[in-house]
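The letter at position 116 of the sequence shown is residue 116 when you use UniProt numbering, and the numbering goes up by one with no holes.
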Amino acid sequence: MDIYQHFRKEEQPFIDQVLSWQEELERSYQRKVTDFLDPREQKIFGSLIGGKEDFRWRLFGGSPSAERKRAILAPYYEEIVLDDFELVLLEADYPVKFVSLAHRDVMGAFLSMGIKRKKLGDLVVKDGLIQIITAAEIAPYVKMNLTNIKNAGVRFEEVSFERLMEKEEQWQEKNMTVASLRLDVLVKEIYQVSRQTAVQFIEKGLVKVNFRVVDSPAFTLEQGDLLSLRGKGRSHVKEIHGRSKKEKWKITAEILK
Numbered sequence: 001m002d003i004y005q006h007f008r009k010e011e012q013p014f015i016d017q018v019l020s021w022q023e024e025l026e027r028s029y030q031r032k033v034t035d036f037l038d039p040r041e042q043k044i045f046g047s048l049i050g051g052k053e054d055f056r057w058r059l060f061g062g063s064p065s066a067e068r069k070r071a072i073l074a075p076y077y078e079e080i081v082l083d084d085f086e087l088v089l090l091e092a093d094y095p096v097k098f099v100s101l102a103h104r105d106v107m108g109a110f111l112s113m114g115i116k117r118k119k120l121g122d123l124v125v126k127d128g129l130i131q132i133i134t135a136a137e138i139a140p141y142v143k144m145n146l147t148n149i150k151n152a153g154v155r156f157e158e159v160s161f162e163r164l165m166e167k168e169e170q171w172q173e174k175n176m177t178v179a180s181l182r183l184d185v186l187v188k189e190i191y192q193v194s195r196q197t198a199v200q201f202i203e204k205g206l207v208k209v210n211f212r213v214v215d216s217p218a219f220t221l222e223q224g225d226l227l228s229l230r231g232k233g234r235s236h237v238k239e240i241h242g243r244s245k246k247e248k249w250k251i252t253a254e255i256l257k
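Here it is in structure tokens:
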């Protein structure tokens, strides 16, 4: 059976990577600790590895509600504990009275240092504090080099995960009926823009599906897909209920308020 038929074409490189981890473990019996995986990658990882008796695997990103998580793939006879994920929580404060920082400002500062996104877990900016979960191997580099964000001086220090702030996210459900599951159709309905405007957003690279830019208006969405439109926030195709009597799709979407 062709394993790729269950996934999208653009996901094949990640599928190949997971299969290579599995093959390496079978040869060497050495566990694999991955970089941070986004929710779609976690789902693919679990569907490929889950249920295989020769392996033990686990996901963790610093808290049960973490969005991005590292995975560990190990021989069946090994235990996996939380310390094995090699995570560090870095924290810095900033003068909230004099500068306003958002998630995108902090993320941009990290990425400008040449750090790959996959080395960073969840990031929270709230109440004058910045918290970022990182892979342990890059924490010293971040502490030494990230000292300024948007003209605000910052100093990151390692702190206990007991101090981890929860992200305050509120999702609003929206039931809708659409003619198709094309990306431009869903962007139009979810974000309340015209079809033409939705197409323009997509073709300009402003829309991401499962954290990857999709520039094809005809891209077909599936249940569970995460969307983001630059400047207008994130949304989620929570459930596809099937077709109505008029052959339209009934779906439930969630929009991050």
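Don't be surprised by glycine CBs; every beta carbon is placed ideally from N, CA and C.
Because the structure is a prediction, the values reported are computed rather than measured.
Problem set entry | Pick from Val99, Gln196 and Lys143 that is closest to Ile115, judged by C-alpha positions | For the purposes of this step, residue 115 is taken as the residue at position 115 of the sequence shown. Of the listed residues, the one whose Cα sits closest to Ile115 is Lys143.
Exercise. Along the chain, which unbroken stretches of the alpha helix (DSSP H) at least 4 residues long are found entirely within the region 106 to 171?
Worked result: 139 to 145
Exercise. Count the other CB atoms within 10 Å of the CB of residue 302; is the residue buried (16 or more) or exposed (fewer)?
Worked result: The structure shown has nothing for residue 302, since the chain only spans 1 to 257.
Exercise. Quick one: what's got a C-beta closer than 8 Å to Phe14's C-beta in the same chain, skipping five residues either side?
Worked result: Here the question's residue 14 lines up with position 14 in the sequence shown. Cβ neighbours of Phe14 beyond the five flanking positions: Glu41 and Ile44.
Exercise. Tyr94: buried (16+ other C-beta within 10 angstroms of its C-beta) or exposed?
Worked result: What you label residue 94 is simply residue 94 of the sequence shown in a count that begins at 1. Under this definition Tyr94 is a buried residue.
Exercise. When we look at the beta-carbon of Glu91 and count the other beta-carbons within 10 Å, is it buried (16 or more) or exposed?
Worked result: Indexing the sequence shown from 1 puts residue 91 at position 91. So Glu91 counts as buried.
Exercise. Is Glu188 helix, strand or coil when you go by DSSP?
Worked result: Within the sequence shown, the letter at position 188 stands for residue 188. For the record, residue 188 in the displayed sequence is Lys; it is not Glu. If DSSP states are grouped into helix, strand and coil, Lys188 belongs with the helices.
Problem set entry | CB of Met113 within 8 Å of CB of Leu82, strictly | The sequence position of residue 113 within the sequence shown is 113, counting from 1. The sequence position of residue 82 within the sequence shown is 82, counting from 1. With respect to Leu82, Met113 sits apart: the two C-beta atoms are not nearer than 8 Å.
Exercise. Going along the chain, which residues of its own chain have a beta-carbon closer than 6 Å to the beta-carbon of Glu10, five neighbours each way excluded?
Worked result: In the sequence shown, counting from the first residue as 1, residue 10 sits at position 10. Excluding residues within five positions, none has a Cβ falling inside 6 Å.
Problem set entry | Neighbourhood of Ile251 by C-beta, 7 Å cutoff - its chain only, sequence neighbours within 5 removed | Here residue 251 refers to the residue found at position 251 of the sequence shown. Cβ within range, chain order: Met176, Val178, Val237, Glu239, Ile240 and His241.
Problem set entry | Rounded C-alpha distance that separates Pro39 from Gly224 | One-based indexing of the sequence shown puts residue 39 at position 39. One-based indexing of the sequence shown puts residue 224 at position 224. Their backbone Cα atoms lie some 10 Å apart in a straight line.
Exercise. Residues in its own chain within less than 7 Å of Gly46 by CB, not counting five upstream and five downstream?
Worked result: The residue given as residue 46 occupies position 46 in the sequence shown. Hits under 7 Å: none found.
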